[in-house]
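> In my numbering, the protein residues as written are 1127 to 1315.
Beta carbons: idealized from backbone N, C-alpha and C, even for Gly.
Being a predicted model, the structure only gives us computed values, none of them experimental.
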């Protein structure tokens, strides 16, 4: 059964988004998405957003709706890429987006651009979040923000490293069975 998703605010406010049916797809819950965008609300306008492991593209679409300059959507599954493209067309935001079918490692190795905000939400049990975090840190601008969504198991979030490249763990937010870890660039003295 597909989950009902919508754009929360901005130019595409209230628009419904399509998602992929099936057990393999786990869109970010509405309340988690709202919390994430509250955390970064002053970091979005005019910025470049990376939606890695894009799925339906709802996070990058929300960023575009709120004024991001560009969103890049990366997913290895062709079905996900097609849903992202449809959602971008339906919301009228396709002109500020790039959608790529690629695995995260290949994309990040050849990205050729840097980002202000990155959202990482890989399949929970794939064991690739740490590696994706390290590789993403190398593609970030100095004032950048990296957000990682990951599971909470037995009441504890899956631990992520204190540091990834020049980015340090700033805070972990917990929302039931989900945690979001925020990284920012280490302040230089």
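Return the bridge partner residues of residue 1142 from the DSSP annotation.
Locating residue 1142 in the chain shown gives position 16, where the first residue counts as 1. Paired residue(s): 1132.
> Check each candidate in 1301, 1286, 1310, 1300 and name the one with the smallest Cα separation from residue 1294.
On the chain shown, position 168 is the one that residue 1294 refers to. Comparing Cα-Cα distances from residue 1294 to each of 1301, 1286, 1310, 1300, the minimum goes to 1310.
> Ordered along the chain, which non-local residues of its own chain (more than five positions away) have a Cβ less than 7 angstroms from that of residue 1220?
Position 94 of the chain shown, counted from the start, is the residue given in the question as residue 1220. Cβ within range, chain order: 1214.
> Would you say residue 1166 and residue 1271 are within 8 angstroms of each other, going by their C-beta atoms?
Taking the chain shown and counting its residues from 1, one reaches residue 1166 at position 40. Taking the chain shown and counting its residues from 1, one reaches residue 1271 at position 145. Contact: yes.
> How is the beta strand (DSSP E) around residue 1243 delimited, first residue to last?
On the chain shown, position 117 is the one that residue 1243 refers to. 1241-1246 is the extent of the beta strand (DSSP E) around residue 1243.
> Can you look up residue 1183 in the DSSP assignment and give me helix, strand or coil?
Within the chain shown, the letter at position 57 stands for residue 1183. Three-state DSSP puts residue 1183 in coil, outside helix and strand.
> Check whether the segment 1204-1214 touches the segment 1245-1256, taking contact to mean three or more Cβ pairs, one atom from each stretch, closer than 8 angstroms.
No: the two stretches stay apart, fewer than three of their Cβ pairs being nearer than 8 angstroms.
> Check for me: the alpha helix (DSSP H) holding residue 1311 runs from which residue to which?
To locate residue 1311, count along the chain shown from 1; it is residue 185. That residue, residue 1311, is in no alpha helix (DSSP H); its beta strand (DSSP E) goes 1304-1311.
> So, for residue 1185: in the same chain, excluding its five sequence neighbours on each side, which residues have a beta-carbon less than 6 angstroms away from its beta-carbon?
The residue given as residue 1185 occupies position 59 in the chain shown. Same-chain partners within the cutoff: 1177, 1245.
> Using DSSP bridges, identify the partner residues of residue 1290.
Within the chain shown, residue 1290 is the residue found at index 164, counting from 1. In DSSP, residue 1290 forms a bridge with 1293.
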